[in-house]
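To convert, count from 1 in the sequence shown and add 26; that's this note's numbering. To start, the structure under review is shown below, and the notes come after it.
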Amino acid sequence: MGGPMVERLLAAGFPVHLFARRPETQERFRALGAVIEPSPAAVAASADLLIVCPFSEAQLEEITEHLLAHGSAGTVLVQHATVSWDGIRRLAARGTSAGITVLDAPISGTSASILAGELTVLMGGDAEAASRAAPALAAYASTVVRTGDVGSATAVKLVNNLTFAAHAQIAVSAVELGEALGVAPEDLLAALSVSSAASTALGHLRALGSVERFATMAAPYLGKDVAFVEVSAARAGVDTGLLGATVRNGRLTLSAPAERSVGSAQ
């Protein structure tokens, strides 16, 4: 997701400093006009607006250790990854200690959404810092939804992701029920997609063409998201209720190893 963001920022005329491990990635973005820095620390020292979008919480903690240590006081750090609820609040506290304002800004959308400038960003945190970040975010996001303080945007994203995972389980169950009643999956999905049962999950299942392909493509990402919700809810003493039960009891195996999903947040 970070690559398309960089492309949109460069196309909008923003000066972008970035660190990339792979030489081919460095060359690709250097050709587009980015300044390639030798380390995350060098990136932090070169900018007053930092944007991160790693896959895991472990990656986030590794990256931000350098950014917070070498960033200047007054810097704004926009954190786009889906992480645990207490993880984002810990990061914000570390940022405060370093004089850096952390914005809780998980995203909803795909790489295609970013390239089209149509990403949705959920935004929690200081209003002035959010205003400073807004012009850059507008390069790749068409919708920014304010949710409150740091932690609120991640809470919304976790609820959204668990709801989507439940919808995915329901979509698969709907296909199985339709088949048992003699309706071909493609016919059922075509009908449901324009009926009151329509959902984003049904749309993805229809586009991918089969339950098996949907499970292969979606389950690893949904598993990571579900693991974050389960960890966050457990630490907060909150029951995930019917949403959690639907996710756990469906045909798709939506789980991920804790060390991969939550990393050093344990």
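A virtual CB, placed ideally from N, CA and C, is assigned to each residue, including glycine.
Distance, residue j Cα to residue i Cα
i    : j    : result
L75  : G121 : 13 Å
G289 : A84  : Its pLDDT being 35, under 50, G289 is placed unreliably in this model, and the value from its coordinates should be taken loosely. Going from the Cα of G289 to the Cα of A84 covers about 4 Å.
A284 : D152 : For A284, the predicted model reports a pLDDT of 43, less than 50, meaning its position is unreliable; a value from the coordinates is still stated below. Going by the C-alpha atoms only, they are around 31 Å apart.
S139 : S219 : 21 Å
V32  : S222 : 38 Å
M27  : V109 : 15 Å
T279 : P161 : 40 Å
G174 : G208 : 48 Å
T127 : V201 : 47 Å
A159 : V182 : 20 Å
G29  : A216 : 34 Å
V185 : A73  : 33 Å
T101 : T242 : 40 Å
V264 : V252 : 14 Å
S199 : A71  : 51 Å
A293 : R116 : A question about residue 293 goes unanswered here, because the residues of the chain that appear run from 27 up to 292.
L58  : R47  : 17 Å
R277 : A233 : 19 Å
S82  : E212 : 35 Å
A155 : E205 : 52 Å
Closest residue to residue i among the options (Cα-Cα distance)
i    : options                : result
G12  : L94, T101, E87         : Since the first and last residues shown for the chain are 27 and 292, residue 12 lies out of range.
L248 : F190, F55, G39         : F190
A95  : R239, I196, V69        : V69
G132 : S123, A262, G177       : Note that residue 132 corresponds to Pro in the displayed sequence, not to Gly. Ranking the options by Cα distance to P132, first place goes to G177.
E124 : S98, F240, S82         : Per the sequence presented here, residue 124 reads as Ala, with Glu not at that position. Answer by Cα proximity: S98.
P80  : P64, V273, K250        : K250
A142 : L93, R48, H230, T169   : T169
E144 : A164, E154, S157, L203 : A164
I196 : V171, V237, E212       : V237
A37  : A260, P49, E205, A60   : A60
Start-to-end residues for the beta strand (DSSP E) that takes in residue i
i    : result
I77  : 75-78
G150 : 145-150
D251 : Here D251 belongs to no beta strand (DSSP E); instead the alpha helix (DSSP H) covers 237-262.
D265 : Run containing D265: none; DSSP gives neither H nor E here.
V220 : Neither: V220 is in no beta strand (DSSP E) and is coded neither H nor E.
V128 : 127-130
First through last residue of the alpha helix (DSSP H) which encompasses residue i
i    : result
S178 : 178-206
S110 : No alpha helix (DSSP H) contains S110, which DSSP labels as neither H nor E.
V32  : 28-37
R56  : 49-58
A84  : 83-96
A227 : 226-234
DSSP state of residue i mapped onto helix, strand, coil
i    : result
V170 : strand
H43  : strand
D175 : coil
E285 : Note that E285 scores a pLDDT of 41, beneath 50, so its modelled location is shaky and nothing firm can be said.
L280 : coil
S65  : coil
V273 : helix
V102 : strand
S137 : helix
S157 : helix
A210 : coil
A164 : coil
A142 : coil
Rounded distance between the beta-carbons of residue j and residue i, thought under 8 Å
i    : j    : result
L231 : F240 : 5 Å
Q105 : V78  : 6 Å
L188 : V255 : 5 Å
T180 : D130 : 5 Å
A167 : V273 : Not confirmed; about 28 Å, so no contact.
S137 : T146 : Not confirmed; about 14 Å, so no contact.
A210 : A244 : Not confirmed; about 21 Å, so no contact.
F40  : E63  : About 15 Å; that fails the 8 Å criterion.
L93  : P66  : 6 Å
Proximity test, residue i beta-carbon vs the ligand ATP heavy atom, cut-off 8 Å
i    : result
V273 : This structure lacks the ligand ATP; in fact it carries no ligand of any kind.
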